[in-house]
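Residue numbers (the numbering used here), protein chains in the order written: chain V, 972 to 1289; chain H, 304 to 580.
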């Protein structure tokens, strides 16, 4: 979402200074300036104070704690780089990174592809299209906790809806959530279901900017669906795709804790132990706050690296 | 003119759209049906789809299981969090959009960075700060650290207000109105669409929040609904019948579904981040 705002800010700027920010605050006499500053302080300060106490300080504290050993009792012990050395030698770390990456890739890629296809599908006008689109958007309001309850019922071995459907075509479904090969993918499917509405919404916004007559003209010229997708649709949604990917990555990063903690607790046999879940476990089960902070720094670095690469891709794409 | 062929294709396409939509919404539709079934019907195999008899008692049992208290706590948490954060965001966004001061861009950047920090990074230290302030297992501890996540809202309001014509504000200033007066009389009424998008998204986020309450609100008198609901998903959890678990899930989910249906425009704007228009 945030990125959407920034993207918009950029496009607004690109349109030229005439439409740019030109508030009442801009051209003004010096006598107002000091009153401005006082007002700015008064109106902005409460916001920045809570932001500093609960966001800025914790981020700095996380960095500091990563060099300490602490179990909440007494004062944190300075241990220098010991946590970082432990992290490098901890076999659970590369495994957690791998699990997180698999979860992200098998979640984000289908979300993006299905999001585009479904947005193309519903990009049509008829009388009740608004009502019908609601069916596509409404899963967005479901919490992780509620969706976990719904889906564990769908996944229930031998009894659930999924196995029922598979039995119709002669397949015996696995125990989706307690099988090491399927548990992570089963969680991904839930997260995809929750993320699709936003992806469809964003793509729909981009598609509606492509004039219908352009598509119709292409059809008259005999362009097939694939040619239309490649020559007309894709150029229209290319920039939006990077935004959809970023939004999906943020959503899947959050779900990689909530769904795991509610449905599988990292199991079976660590098959769903994502990095975020491992951090939570280290902090609140093992009460190793210093080491958990070190892992948080790693998580932040990975997250920043992924988003940085995407920002770079976005820059290259335009 | 529409040929017969294209009309047939249109009908096929609309049919596909409706069927796919029903599949996507199916878990929610089934949630409502299942919450009204008897336990034996809900757990029967092959699965039953339409309730043969209506069991509204599931909902009162669900209410008892949730202890009502967690439902109330969720309402308090959501209302107070969104209310407080809205005040901080609209006044902060207004300052960043319309007042000129030296560090304005730096502050905007500082707020933007927070959008890219995963919640887990600050979880442990935020918990420590909250603990040092003696706010663990209190409403303040539950609410304030979430109120503090002002990045998204402040930038949303800033973006919306930046495009507002400055003449209006200039006129008010020539009249000698103070900034606070301008905020209350001019900015807040003008920013109603942005407020709509902001409130839709923030209410949704707060209502569904799980990780922070899980860590900071462990005692039953401050627990919120996601915390009392989540254990029902565990397969070993056999404390209450399946149909009551469905009713409990519906109890927490349907208010948001209704809000979505009533204010779809605001939700759509908020979800796509285009509340700025």
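Glycine included, C-beta positions come from ideal geometry on N, C-alpha and C.
All of these numbers come straight from a predicted model, not from anything done at the bench.
Beta-carbon proximity list for residue i, same chain, < 8 Å, skipping 5 on both sides
i, result
"residue 994 (chain V)", "Here the model assigns residue 994 (chain V) a pLDDT of 41, short of 50, so the residue's position is not dependable, and the following value carries that caveat. So the list is empty, once near-sequence residues are dropped."
"residue 1139 (chain V)", "none"
"residue 566 (chain H)", "499, 503"
"residue 1116 (chain V)", "1229, 1233"
"residue 1150 (chain V)", "1239"
"residue 1258 (chain V)", "1042, 1043"
"residue 1085 (chain V)", "1163, 1167, 1170"
Residue i: contacting residues in chain H (beta-carbon distance under 8 Å)
i, result
"residue 1247 (chain V)", "421, 423"
"residue 1229 (chain V)", "513, 514"
"residue 1135 (chain V)", "348, 349, 350"
"residue 1092 (chain V)", "316, 319, 320, 323"
"residue 1145 (chain V)", "Chain H residues near residue 1145 (chain V): none, gap ~15 Å exceeds 8 Å."
Cross-strand partners of residue i (DSSP beta bridge)
i, result
"residue 1040 (chain V)", "V:1048"
Sequence-distant residues of the same chain with beta carbon closer than 7 Å to residue i, five excluded per side
i, result
"residue 1212 (chain V)", "1083"
"residue 568 (chain H)", "none"
"residue 1036 (chain V)", "1047, 1260, 1261, 1264"
"residue 376 (chain H)", "525, 526, 527"
"residue 341 (chain H)", "356, 358, 546"
"residue 517 (chain H)", "530"
"residue 336 (chain H)", "352, 353, 354"
"residue 998 (chain V)", "Only weak support is given to the placement of residue 998 (chain V): the predicted model assigns it a pLDDT of 43, under 50, and the question is left unresolved by the model."
"residue 486 (chain H)", "394, 397"
"residue 1039 (chain V)", "1047, 1048, 1049, 1050, 1261"
"residue 418 (chain H)", "454, 455"
"residue 1241 (chain V)", "1066"
"residue 570 (chain H)", "503, 563"
Neighbouring residues, chain V, relative to residue i (Cβ below 7 Å)
i, result
"residue 318 (chain H)", "Within 7 Å Cβ-Cβ: nothing; residue 318 (chain H) doesn't reach chain V, min ~11 Å."
"residue 409 (chain H)", "Under the 7 Å cutoff, chain V gives no residues; its nearest Cβ is about 11 Å from residue 409 (chain H)."
"residue 386 (chain H)", "Within 7 Å Cβ-Cβ: nothing; residue 386 (chain H) doesn't reach chain V, min ~13 Å."
"residue 560 (chain H)", "1109, 1112"
"residue 431 (chain H)", "1032"
"residue 567 (chain H)", "1105"
"residue 375 (chain H)", "Per Cβ cutoff of 7 Å: no residues; residue 375 (chain H) is ~17 Å from chain V at best."
beta-carbon residue i near the ligand GTP non-hydrogen atom, thresh 8 Å
i, result
"residue 1284 (chain V)", "With respect to the ligand GTP, the structure shown offers nothing to examine, as it has no ligands at all."
Neighbour list for residue i in chain V, Cβ cutoff strictly below 8 Å
i, result
"residue 589 (chain H)", "Chain H is shown from 304 up to 580; residue 589 (chain H) falls before or after that span and cannot be answered."
"residue 359 (chain H)", "Within chain V, no residue comes near residue 359 (chain H); the closest Cβ sits about 20 Å away, beyond 8 Å."
"residue 445 (chain H)", "Simply none; closest approach about 12 Å."
"residue 365 (chain H)", "Neighbours of residue 365 (chain H) on chain V: none; closest Cβ ~12 Å, over 8 Å."
"residue 394 (chain H)", "1014, 1015, 1017, 1018"
Cβ shell of residue i (< 6 Å), same chain only, five flanking positions each side left out
i, result
"residue 1041 (chain V)", "1047, 1260, 1261"
"residue 1285 (chain V)", "1213"
"residue 429 (chain H)", "448"
"residue 346 (chain H)", "545"
"residue 1137 (chain V)", "1144"
"residue 1279 (chain V)", "none"
Contact set between residue i and chain H, taken where Cβ atoms lie within less than 9 Å
i, result
"residue 1095 (chain V)", "313, 316, 317, 320"
"residue 1226 (chain V)", "Neighbours of residue 1226 (chain V) on chain H: none; closest Cβ ~10 Å, over 9 Å."
"residue 1120 (chain V)", "334, 532, 533, 535, 536, 548, 549, 551, 552"
Cross-chain neighbours of residue i in chain H, by beta carbon under 7 Å
i, result
"residue 1107 (chain V)", "324, 327"
"residue 1008 (chain V)", "404"
"residue 1081 (chain V)", "What residue 1081 (chain V) touches in chain H: nothing, since even the nearest Cβ is about 14 Å away."
"residue 1103 (chain V)", "320, 321, 324"
"residue 1132 (chain V)", "350"
"residue 1048 (chain V)", "Residues of chain H passing the Cβ test: none, with the nearest at roughly 15 Å."
"residue 1117 (chain V)", "532, 552, 555, 556"
"residue 1011 (chain V)", "398, 402, 404"
"residue 1233 (chain V)", "533, 536"
Under 9 Å from the C-beta of residue i: neighbouring residues of chain V
i, result
"residue 341 (chain H)", "Neighbours of residue 341 (chain H) on chain V: none; closest Cβ ~16 Å, over 9 Å."
"residue 453 (chain H)", "1018, 1019, 1021, 1022, 1026"
"residue 526 (chain H)", "Near residue 526 (chain H) there are no residues of chain V at all, since even the closest Cβ is about 12 Å away, more than 9 Å."
Report task. Could you please tell me which residues of the segment 1255-1287 of chain V, in chain order, have their CB closer than 8 Å to any CB of chain H? Result -> 1255, 1260, 1263, 1264, 1267, 1268, 1270, 1271, 1274, 1275, 1278
Query raised in the report: Is it a yes or a no for the segment 360-374 of chain H touching the segment 547-554 of chain H, going by three-plus beta-carbon pairs under 8 Å?
Result: yes
Requested in this report: Count the CB pairs spanning the segment 1151-1170 of chain V and the segment 1230-1243 of chain V that are closer than 8 Å, and state whether there are at least three.
Outcome: yes
**Report entry** the segment 455-465 of chain H touching the segment 1246-1265 of chain V, judged by at least three CB pairs closer than 8 Å
**Finding:** no
Report task. Check whether the segment 1210-1224 of chain V touches the segment 478-491 of chain H, taking contact to mean three or more Cβ pairs, one atom from each stretch, closer than 8 Å. Result -> At 8 Å Cβ cutoff, the stretches do not touch.
Query raised in the report: Is the number of C-beta pairs between the segment 443-456 of chain H and the segment 505-522 of chain H that are closer than 8 Å three or more?
Result: The answer is yes - the segment 505-522 of chain H touches the segment 443-456 of chain H, with three or more Cβ pairs under 8 Å.
**Report entry** Members of the segment 532-552 of chain H that neighbour chain V once the beta carbon cut-off is set at 9 Å
**Finding:** 532, 533, 534, 535, 536, 537, 538, 545, 548, 549, 551, 552
Report task. Take every Cβ of the segment 1119-1126 of chain V, pair it with every Cβ of the segment 1199-1208 of chain V, and state whether three or more of those distances are shorter than 8 Å. Result -> no
Query raised in the report: Should the segment 415-433 of chain H be called in touch with the segment 1017-1032 of chain V, which here means at least 3 C-beta pairs below 8 Å?
Result: Taking 8 Å as the limit for Cβ pairs, the verdict is that the segment 1017-1032 of chain V does touch the segment 415-433 of chain H.
Requested in this report: Check each residue of the segment 1164-1186 of chain V: if its Cβ is closer than 8 Å to any Cβ of chain H, include it; give the result in chain order.
Outcome: 1164, 1167, 1168, 1169, 1172, 1173, 1176
Query raised in the report: Below 8 Å, can you find three or more Cβ-Cβ pairs linking the segment 399-419 of chain H to the segment 1013-1027 of chain V?
Result: yes
Query raised in the report: Are the segment 1161-1169 of chain V and the segment 1094-1102 of chain V in contact at 8 Å, needing three or more beta carbon pairs?
Result: In short, these stretches do not touch, since the Cβ pair count stays below three.
Query raised in the report: Taking any Cβ of chain V, which residues in the segment 478-502 of chain H have a Cβ under 8 Å from it, in chain order?
Result: 481, 482, 483, 486
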